[in-house]
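Notes to accompany the following structure.
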């Protein structure tokens, strides 16, 4: 079930963030926005492919470009890290959900591990045993 959760959230990220202009990088000769000129800017296009059709080979996108890339970033978000931040609104909700769930998924086993480690070292433990002896 964890695999389907990971792939499902990765698919949502890919769908929501695939054409997000915040992930697009263009050549320095291309303005970011049109600013009233006839030439459109890098962020004025609805997709990176559309940008490349107007400015051949001058626009690129490095994140959320395919499912493996989206799955990698989903795994990072499940660790509680919010590595990239310029999401669309649906992407923000998915990432917030992943970070909260990811922190919970890591906190439970890590808490149990350190509790067991402390019990082995004799640090802490149950104080009830000492009270029963009095």
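In our numbering, the protein residues as written are 4 to 137.
All C-beta atoms, glycine included, are put in the ideal place defined by N, C-alpha and C.
Rounded separation between residue i and residue j - CA only
| i | j | result |
| --- | --- | --- |
| residue 67 | residue 61 | 18 angstroms |
| residue 39 | residue 45 | 14 angstroms |
| residue 84 | residue 116 | 21 angstroms |
| residue 81 | residue 89 | 17 angstroms |
| residue 55 | residue 13 | 25 angstroms |
| residue 57 | residue 108 | 45 angstroms |
| residue 36 | residue 15 | 27 angstroms |
| residue 30 | residue 10 | 33 angstroms |
| residue 71 | residue 78 | 11 angstroms |
| residue 94 | residue 111 | 26 angstroms |
| residue 34 | residue 25 | 14 angstroms |
| residue 53 | residue 41 | 16 angstroms |
| residue 126 | residue 18 | 49 angstroms |
Which of helix, strand or coil DSSP assigns to residue i
| i | result |
| --- | --- |
| residue 84 | coil |
Where the alpha helix (DSSP H) containing residue i begins and where it ends
| i | result |
| --- | --- |
| residue 62 | Looking at the DSSP string, residue 62 is not in any alpha helix (DSSP H); the run it does join, the beta strand (DSSP E), is 62-64. |
| residue 54 | 51-57 |
| residue 10 | 5-20 |
Segment limits, beta strand (DSSP E) that includes residue i
| i | result |
| --- | --- |
| residue 102 | Per DSSP, residue 102 belongs to no beta strand (DSSP E); it is in the alpha helix (DSSP H), 92-124. |
| residue 45 | No beta strand (DSSP E) holds residue 45; DSSP gives it neither H nor E. |
Close Cβ partners of residue i (< 7 angstroms) along its chain, the five nearest in sequence each way excluded
| i | result |
| --- | --- |
| residue 50 | 22 |
| residue 101 | 12, 77, 80, 81 |
Cβ neighbours of residue i in the same chain (closer than 6 angstroms, five flanking residues each side left out)
| i | result |
| --- | --- |
| residue 63 | 28 |
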